[in-house]
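For the record, the sequence lines run as chains C and R. Read in order, the letters of the first sequence are residues 1 to 521 in our numbering. Read in order, the letters of the second sequence are residues 1 to 143 in our numbering. Even for Gly, the Cβ is constructed at its ideal location relative to N, Cα and C. Everything numeric in this text was worked out from a predicted model, so none of it was measured.
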Amino acid sequence: MDGSFDIPDPSDWLETPLKGFSDLENALHCDICKEFYDTPMITSCCHTFCSKCIRTCLSANGKCPSCQTSDQASKLRNNWVLQTIVDQFLTARPAALEVARKEKVQAEQAKKPGKRKRAVLDSDDIAQAEQDGRTTRSKSRRLAASQTSEPEAVEISDSDGDEEYAPEQQPDDGLIECLLGCGKRMKAEEMGAHIDRCEEEKQQEQANRAKSRTPVNSFSSRPAPAQNTKASERISELSYSMLTEAKLRQKLRDAGVPNWGSKQLMIKRHMEWVNLWNANCDSKGRRSRNELVRDLDAWERTQGGRAPNQNGLSSTIMRKDFDGTGWATSHGQDFGRLIADAKRRKNNPATEESRPKDVDTVEVAAKSAPGPDTDGSSILPPNSSQTSRQPEHNFPETERPYENNLEAIASIRQKVEAANAGRHIEPVMNAGFDNEPVNGETTPTQAENPVEPPRGAQNPSLLGQSHFGMSERGSMSRHDRSGSECELPGHLQSSPMKVPMFAMPQRPISDVDGGGDMAER
Amino acid sequence: MAGMSSKRLQKELTKIQGTLPPGITLVSAPDLREWQMDIAILDNPIYPPSDHYRLRFQFSQSYPIEAPEVVFMAIPSNPERKIPLHPHIYSNGIICLDLLDSQGWSPVHNVESICISIQSMLAGNTKAEREFDTWLVWVVMAN
């Protein structure tokens with residue numbers, strides 16, 4: 001860490017005789033961002049953090065990071081004393097560090113002939129610091145200018161005692177800045193009177209500003225126009241769960257914030273905006289709205305909707321060793337089909353009831369071949385018993401039970417064509433069994449999707465049903481059919497056993513395989 | 001503030017490159033998204049002090065608001081790194097520690113404090129066993 005490049009770090013002090021300053025500097029750091037406190041706020045459990053940091057934390061989980069007590073952003077209060085300490089420390093730091101480093105060099109040159117340098121700053125050191133401070137003015141100015149992250153460093157109130165450390169940073173007008181931080185400068189003797197009315201004046205000014213939107217010239221130490229265009233009202237977080245997506249979008253537009261993206265994203269964006277805005281309200285040197293918008297944009301690029309990997313954000317468990325992209329590609333078709341099915345079902349709710357029958361017949365046609373399914377076919381009884389009874393029952397089968405079965409697919413096509421043509425044919429193995437009306441009903445749906453073998457697995461209506469167990473299914477088949485379900489053979493009645501397997505079929509299993517590989521690795 | 005995660009990690013890295021508590025070493029930190037640390041357990045006979053265990057930290061953009069992902073890594077050789085036996089450490093290296101969970105996490109923790117926590121979790125262990133593949137249950141439940 002070389003001082004010429006500027007990122008102040010506590011370790012800077014470790015190489016100097018003033019090692020204790022390292023801890024002092026650490027103590028002036030926020031525990032969340034590990035930077036110097038920026039607008040420190042005190043929580044109701046008496047911990048202190050930067051305004052933006054603690055607001056972000058509280059909106060994330062509503063607890064104090066230090067002690068995990070619940071707290072609310074509205075209960076935060078400014079810790080002005082700490083703000084002043086940090087500002088003063090930052091002002092004094094470059095010169096002090098300079099002195100400390102010089103001290104070290106001298107100590108090395110002296111090669112310790114009996115005279116050890118003091119590690120404590122006493123009056124001699126201060127005197128020396130004063131000199132050094134003056135001789136290295138340009139350097140410390142450079143340092144101060146490079147501390148872009150702490151813009152407050154250059155605009156602080158000061159008292160006479162500290163002048164020697166940063167004499168060039170105060171306008172040399174013999175005035176002192178208001179101790180309450182309103183930014184006004186005045187003669188020392190006026191201070192007492194001013195302090196009495198400082199708060200009042202501030203409020204009055206804010207009211208004026210809000211009314212007229214014209215710059216007020218009281219903030220002499222800051223560039224005026226940008227600050228004053230801003231209203232200083234804090235905004236409150238919305239109860240997002242109560243808002244519809246459209247309303248939230250409207251709110252964002254009203255706030256002048258981008259309002260694209262999903263509801264989740266808009267919620268996050270609004271939270272971020274609220275935090276940025278309120279943190280700005282807390283701070284002494286207010287920034288313009290445009291700067292806040294720029295900050296929000298930076299957030300958008302790193303953590304929001306334009307972040308490089310959005311799925312990397314908060315999927316906590318899945319991400320461990322789980323190949324999400326691989327999973328998505330290998331199952332993309334399935335997802336697509338499920339979505340398509342769901343949409344179809346939504347558009348055409350009438351077919352929901354009739355669908356199961358259709359599946360039955362299709363399935364029977366397919367039963368002659370085992371197909372790639374794992375659990376369904378193994379549980380099913382041999383063909384002989386099915387051919388007679390099969391149509392009695394809804395079989396939500398596993399995915400693509402006859403995917404590789406050309407014979408079955410051909411038979412399905414045949415049926416579909418027949419349905420399109422308005423004819424009715426019986427499945428080969430189901431010949432003579434009576435379910436004409438049902439096939440008649442399904443015609444529109446089939447027409448939409450002429451070739452689509454694996455109905456059972458993809459049909460979300462079946463998926464839905466499959467969670468309800470036997471009674472529900474029973475009632476459905478009862479009013480669908482002629483009450484013959486009681487004749488079902490035992491092995492078919494036990495089919496709800498398979499239902500959960502179907503409802504979340506191979507996912508856990510294949511997942512386990514993936515994880516297992518990882519474990520063996 | 002958007003660069004909060006990078007800034008903070010940069011600071012932590014600087015600190016870590018300076019001094020670390022005994023038994024904890026930084027192995028690599030190629031960027032500010034993934035770091036590897038080695039830890040040794042100094043006073044527990046179950047884990048000989050000569051054995052080191054590799055931890056992999058992954059940081060999201062929301063760090064430190066969000067916890068990093070910390071897992072043990074198994075490396076077959078050069079240098080060999082095993083996954084320590086512990087009832088709350090699964091065979092694939094996932095660590096079951098409230099600190100790393102979104103509920104238990106707090107932004108005041110840092111890489112060093114996580115390492116110390118894991119170190120002490122191992123140091124206080126008396127059972128050299130795994131809760132056999134409990135993580136499978138987790139994975140299944142997560143789906």
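CB contact check: residue i to chain R, cutoff 8 Å
i	result
MET41 of chain C	no
SER11 of chain C	yes
GLY371 of chain C	Any answer about GLY371 of chain C is weak, because its pLDDT of 42 lies below 50 and its placement is not dependable; what the coordinates show is given next. For GLY371 of chain C, the answer is no, since every Cβ of chain R falls outside 8 Å of its Cβ.
ILE32 of chain C	yes
THR576 of chain C	Since the first residue of chain C shown is 1 and the last is 521, residue 576 of chain C is not available in this structure.
PRO65 of chain C	yes
THR16 of chain C	no
GLU291 of chain C	no
GLN303 of chain C	yes
PRO56 of chain C	The sequence as given places Thr at residue 56 of chain C; Pro does not occur at that position. Output row for THR56 of chain C: interface = yes.
GLY312 of chain C	For GLY312 of chain C, the predicted structure reports a pLDDT of 44, less than 50, and the residue's modelled location is therefore unreliable. A value from the coordinates is still provided. Taking Cβ atoms only, chain R reaches closer than 8 Å to GLY312 of chain C, which makes this a yes.
GLY20 of chain C	no
GLU152 of chain C	Note on GLU152 of chain C: pLDDT 43, under 50, position unreliable in the model; no value is reported.
Nonlocal neighbours in the same chain, by C-beta distance under 7 Å from residue i, ignoring five residues either side
i	result
LYS268 of chain C	GLY304
LYS104 of chain C	GLU15, THR16, PRO17
LYS263 of chain C	GLU245, LEU248
LYS7 of chain R	none
Per-residue DSSP class, three states only, for residue i
i	result
ASP295 of chain C	helix
SER113 of chain R	helix
ALA342 of chain C	helix
VAL99 of chain C	helix
SER564 of chain C	The structure shown does not extend to residue 564 of chain C, since chain C spans only 1 to 521, so no value can be given for it.
LYS11 of chain R	helix
TRP80 of chain C	helix
HIS29 of chain C	strand
THR48 of chain C	strand
LEU97 of chain R	coil
ILE41 of chain R	coil
THR56 of chain C	helix
TRP35 of chain R	strand
SER241 of chain C	helix
SER283 of chain C	coil
ILE118 of chain R	helix
LEU20 of chain R	coil
ARG306 of chain C	coil
ARG269 of chain C	helix
GLN106 of chain C	helix
ILE75 of chain R	strand
MET1 of chain C	Confidence at MET1 of chain C is low in this model, with a pLDDT of 42, below 50, so the placement of that residue is unreliable and no value is reported for it.
PHE57 of chain R	strand
VAL27 of chain R	strand
ARG81 of chain R	strand
PRO40 of chain C	strand
Proximity below 8 Å, CB of residue i to CB of residue j
i	j	result
CYS64 of chain C	CYS33 of chain C	no
CYS115 of chain R	LEU42 of chain R	no
ASP12 of chain C	LEU97 of chain C	yes
ASN278 of chain C	ARG55 of chain C	yes
TRP273 of chain C	ALA255 of chain C	yes
LYS82 of chain R	TYR63 of chain R	no
GLY37 of chain C	LEU28 of chain C	What sits at residue 37 of chain C in the sequence shown is Tyr, not Gly. Taking 8 Å as the Cβ cut-off, TYR37 of chain C and LEU28 of chain C qualify as a contacting pair.
beta-carbon residue i near the ligand NAP non-hydrogen atom, thresh 7 Å
i	result
LYS34 of chain C	Looking for the ligand NAP in the displayed structure turns up nothing, as the structure carries no ligands at all.
Chain C contact for residue i (CB, 8 Å cutoff)
i	result
ILE95 of chain R	no
GLU12 of chain R	yes
PRO107 of chain R	yes
ARG130 of chain R	no
ASP61 of chain R	Checking the displayed sequence, the identity of residue 61 of chain R turns out to be Gln instead of Asp. Closer than 8 Å: yes.
ARG8 of chain R	yes
PRO64 of chain R	yes
MET37 of chain R	no
Contact set for residue i: own chain, Cβ-Cβ below 6 Å, skip 5 residues either direction
i	result
CYS53 of chain C	CYS30, ILE32, CYS33
SER60 of chain R	GLU66
ASN79 of chain C	PRO40, ILE42, THR48
THR19 of chain R	none
THR325 of chain C	none
Check: Is the stretch 21 to 33 of chain C in contact with the stretch 106 to 117 of chain R, if contact means three or more CB pairs nearer than 8 Å?
Finding: Under the 8 Å Cβ criterion, the stretch 21 to 33 of chain C counts as touching the stretch 106 to 117 of chain R, having at least three qualifying pairs.
Notebook entry, point to check: Counting pairs of Cβ atoms below 8 Å between the stretch 87 to 95 of chain R and the stretch 69 to 78 of chain R, do you hit three or more?
Noted result: Note that the stretch 87 to 95 of chain R touches the stretch 69 to 78 of chain R; at least 3 beta-carbon pairs, one per stretch, sit closer than 8 Å.
Notebook entry, point to check: Are at least three pairs of beta-carbons, each pair with one atom in the stretch 88 to 97 of chain C and one in the stretch 95 to 102 of chain R, less than 8 Å apart?
Noted result: Result no; under three Cβ-Cβ pairs closer than 8 Å.
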